[in-house]
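Asker: Counting in the numbering used here, the final residue of the sequence shown is number 379, and the numbers go up one at a time with none missing. Don't be surprised by glycine CBs; every beta carbon is placed ideally from N, CA and C. Structure incoming, see below.
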Amino acid sequence: MRLISVQSWKVDSTAYLRIGEVARRTGVSPELLRAWERRYGLLSPARSSGGFRLYGDDDVERVTRMRGNLDAGLSAAEAARLALAGAGSPPSTSEAAAGSRLALAVDRLLEAAEAFDETAIQREFDAAVDAFSTETIVAEVVLPALHELGERWADERITVAHEHFASNVIRGRLLGLARRWDQGGGPQALLACPPGELHDLGLIAFGLVLRNRGWRIVFLGADTPTATLADAVRSTAPQLVVVSATSAERLEAVARELRALRASAPLAVGGTGASEALADRVDALLLPEDVRAAADLAAAR
Ligand code: B12
């Protein structure tokens, strides 16, 4: 730590700033700045003779880069590592770098799926978990990879075996990220697919993002009989019940039961099978397909 006289506000053309001024310039609270200093050594203040921490323009630059990296979806540890390493690199560079890393992760997942290489899929996931937040992994890696997998399956570029293999490994990892999503003090959501509906990956993805907004999740998953769902609503008293399906018919088939459920809890419907008309009929909130926008809407209720 450098020791300077409190009178010398300029040393080697570096302006020395108090923490409040760094906070004002970067938009990061003094508490968070101190936490970043403690955890990652992101800031290296000088001390005034009176013992105040004084920061330089280089500290402001590192904090700005850290923010850019976080906004680009990097985990805090990775964002700090890059902010410390990349002297002078503007946030847009790290955003572009993070974007291409995400695209690469999607490509590698698909390549591994096509080779039935589970170890490579797990390795890609491990690397993504180290580098990105859960929400970024779900929205920017897993969903695009699943979508592309579906396209390749529909075009017969891969077989149903590849699709089954990849969706099972990915589902396992998503549920791994979901561990303890029932914990905490936030509102509770109960998630289920209607009878006959086996596509639950989108619902898991939505649950992970909603969890990130502070909600607790009770996940019933695929092919849930409506009577069981009603029992679960009675015993858990959730703030929101979310029912999702790929097929409109499977939601239509239980419209009357869903409408009845509405008397016990707020209801939302999602997935490609949900429509405005059905949502109106069962008095439910229609969730948009984008899981992040859907979680924002659900959480704002
Ligand atoms: C993986 C998969 C399966 C897996 C599902 C595994 C699982 N645990 O989910 C298995 C092998 C079980 C399966 C079975 C079948 N499948 Co399938 N499957 C797929 C595949 C390849 C990917 C689906 C997926 O999970 N995608 C990832 C999700 C997240 O993306 P998405 O479904 O596009 O959803 C988007 C949004 O709607 C949103 N979203 C999805 N769910 C939710 C929920 C909420 C709450 C919110 C907010 C948002 C949201 O997230 C996505 C973001 O863009 C698609 C192909 C494709 N192009 O999608 C076919 C697809 C969905 N399957 C299809 C079919 C026909 C079947 C089968 C009938 C095949 C068969 N002949 O047996 C069975 C039916 C099973 C059943 N009874 O439900 C069709 C559905 C057509 C339709 N609209 O009805 C598709 C589109 C393939 C095709 N092109 O024909 N399938």
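In the structure shown, what three-state DSSP assignment does S313 receive?
Answerer: Within the sequence shown, residue 313 is the residue found at index 235, counting from 1. Correct three-state label for S313: helix.
Asker: Closer than 6 Å by C-beta to E335: which residues in its own chain qualify, once you throw out the five before and the five after it? Chain order, please.
Answerer: Sequence index remark: in the sequence shown, residue 335 carries index 257 (1-based). Result list for E335: T304, in chain order.
Asker: Say whether the segment 360-367 touches the segment 339-349, bearing in mind that this needs 3 or more beta-carbon pairs closer than 8 Å, one atom from each stretch.
Answerer: A contact exists between the segment 360-367 and the segment 339-349.
Asker: What does the alpha-carbon distance come out to for the pair W114 and D135?
Answerer: By one-based count along the sequence shown, residue 114 stands at place 36. By one-based count along the sequence shown, residue 135 stands at place 57. Whole-angstrom Cα-Cα distance: 16 Å.
Asker: Would you mind giving the Cβ-Cβ distance between L252 and A270, rounded to the nearest angstrom? I have them listed as a contact below 8 Å.
Answerer: Within the sequence shown, the letter at position 174 stands for residue 252. Within the sequence shown, the letter at position 192 stands for residue 270. Between A270 and L252 the Cβ distance is about 16 Å, and since that is not below 8 Å, they are no contact.
Asker: Going by beta-carbon coordinates alone, are L307 and L339 separated by less than 8 Å?
Answerer: Start at 1 with the first residue of the sequence shown, and residue 307 comes out as number 229. Start at 1 with the first residue of the sequence shown, and residue 339 comes out as number 261. Taking 8 Å as the Cβ cut-off, L307 and L339 qualify as a contacting pair.
Asker: Is it the case that the Cβ atoms of E241 and W231 are separated by a distance below 8 Å?
Answerer: Taking the first residue of the sequence shown as 1, we reach residue 241 at position 163. Taking the first residue of the sequence shown as 1, we reach residue 231 at position 153. Closer than 8 Å, so yes.
Asker: Just list the beta strand (DSSP E) runs in the segment 289-347, keeping only unbroken ones of 3 residues or longer that don't cross its boundaries, in chain order.
Answerer: Within the segment 289-347, the complete beta strand (DSSP E) runs of at least 3 residues are 294-299 and 318-322.
Asker: Grab me the residues of Y332's own chain with a C-beta within less than 6 Å of its C-beta, minus the 5 sequence neighbours each way, in chain order.
Answerer: Reading the sequence shown from its first residue, position 254 is the one you call residue 332. It is Val, not Tyr, that sits at residue 332 in the sequence shown. Around V332: P272 and T304.
Asker: Can we count S325 as close to the ligand B12, meaning its CB is less than 7 Å from some heavy atom?
Answerer: The sequence position of residue 325 within the sequence shown is 247, counting from 1. Yes, the beta carbon of S325 sits closer than 7 Å to at least one heavy atom of the ligand B12.
Asker: Taking the straight line between their C-alpha atoms, what separation do you get for S167 and G129?
Answerer: On the sequence shown, residue 167 is found 89 positions in, with the first residue counted as 1. On the sequence shown, residue 129 is found 51 positions in, with the first residue counted as 1. Caution is warranted here: a pLDDT of 45 is assigned to S167, below 50, making its placement in the model unreliable, and the coordinate value is therefore given only provisionally. Going from the Cα of S167 to the Cα of G129 covers about 32 Å.
Asker: Could you check what DSSP says for R379 in three-state terms: helix, strand or coil?
Answerer: Residue numbering aside, residue 379 sits at position 301 when the sequence shown is read from its first letter. Coil, per DSSP.
Asker: Buried or exposed for T197, going by 16 or more other Cβ atoms inside 10 Å?
Answerer: As a working mapping, residue 197 is identified with position 119 in the sequence shown. That one is exposed.
Asker: Thinking A403 and L188 are a contact (beta carbons under 8 Å), I'd like their distance in whole angstroms, please.
Answerer: Residue 403 is absent from the model: the chain starts at 79 and stops at 379.
Asker: Using only the heavy atoms of the ligand B12, determine whether one of them is closer than 7 Å to the beta carbon of G292.
Answerer: The count along the sequence shown starts at 1 and reaches residue 292 at position 214. Every heavy atom of the ligand B12 is 7 Å or more from the Cβ of G292, so no.
Asker: Taking only the alpha-carbon atoms, compute the straight-line gap between V106 and L152 and give it to the nearest angstrom.
Answerer: Taking the first residue of the sequence shown as position 1, residue 106 is located at position 28. Taking the first residue of the sequence shown as position 1, residue 152 is located at position 74. One C-alpha to the other measures close to 17 Å.
Asker: What runs of the alpha helix (DSSP H), each 4 residues or longer, lie entirely inside the segment 214-273?
Answerer: The segment 214-273 contains these whole alpha helix (DSSP H) runs: 221-232 and 238-255.
Asker: Under 7 Å Cβ to Cβ from G264, same chain only, skipping five residues before and after it: list those, please.
Answerer: What you label residue 264 is simply residue 186 of the sequence shown in a count that begins at 1. Only G292, W293 and R294 meet the Cβ criterion.
Asker: Measure the alpha-carbon distance for G177 versus L160 and round it to whole angstroms.
Answerer: The residue given as residue 177 occupies position 99 in the sequence shown. The residue given as residue 160 occupies position 82 in the sequence shown. Cα-Cα distance, rounded: 14 Å.
Asker: Answer with buried or exposed for A372, where buried requires no fewer than 16 other C-beta atoms within 10 angstroms of its C-beta.
Answerer: For the purposes of this step, residue 372 is taken as residue 294 along the sequence shown, with counting starting at 1. Burial call: buried.
Asker: L152 bridges to which residues according to DSSP?
Answerer: Locating residue 152 in the sequence shown gives position 74, counting from the first residue. Answer is F210, bridged to L152.
Asker: Helix, strand or coil for L286 per DSSP?
Answerer: As a first step, residue 286 must be located in the sequence shown, where it is residue number 208. Helix.
Asker: May I ask you to check if the CB of A300 is nearer than 7 Å to at least one heavy atom of the ligand B12?
Answerer: For the purposes of this step, residue 300 is identified with residue 222 of the sequence shown, where counting begins at 1. A300: yes, Cβ under 7 Å from the ligand B12.
Asker: By how many angstroms is the C-alpha of D309 removed from the C-alpha of E156?
Answerer: Mapped onto the sequence shown, residue 156 falls at position 78. Mapped onto the sequence shown, residue 309 falls at position 231. Rounded to whole angstroms, E156 to D309 spans 44 Å at the Cα level.
Asker: State the Cα-Cα distance for the pair R235 and L95, rounded to the nearest angstrom.
Answerer: Counted from its first residue, the sequence shown places residue 235 at position 157. Counted from its first residue, the sequence shown places residue 95 at position 17. Near 59 Å, if we compare the C-alpha coordinates of L95 and R235.
Asker: Excluding five sequence neighbours on each side, which residues of the same chain lie with their C-beta closer than 6 Å to the C-beta of V84?
Answerer: As a first step, residue 84 is located in the sequence shown; it is residue number 6 there, counting from the start. Its pLDDT being 38, under 50, V84 is placed unreliably in this model, and the value from its coordinates should be taken loosely. So the qualifying residues of the chain are S126, S127 and G128.
Asker: DSSP three-state call for L364: helix, strand or coil?
Answerer: Along the sequence shown, one-based indexing puts residue 364 at 286. Note: L364 maps to strand in three-state DSSP.
Asker: Who are the Cβ neighbours of R328 in its own chain at under 6 Å, not counting the five residues just before and after it?
Answerer: Here the question's residue 328 lines up with position 250 in the sequence shown. Result list for R328: P272, G274 and E275, in chain order.
Asker: Among the residues of its own chain, which have a CB less than 7 Å from the CB of L288, if the five just before and after it don't count?
Answerer: Position 210 of the sequence shown, counting from 1, holds the residue named residue 288. Closer than 7 Å at Cβ, skipping near neighbours: A267, I295, A373, A376 and A377.
Asker: Can the beta-carbon of V311 be found closer than 8 Å to that of A343?
Answerer: In the sequence shown, the residue the question calls residue 311 occupies position 233. In the sequence shown, the residue the question calls residue 343 occupies position 265. In this structure, A343 lies closer than 8 Å to V311 by Cβ.
Asker: According to the Cβ coordinates, are R140 and L162 closer than 8 Å?
Answerer: Counting from 1 along the sequence shown, the entry for residue 140 is found at position 62. Counting from 1 along the sequence shown, the entry for residue 162 is found at position 84. Contact flag set, yes.
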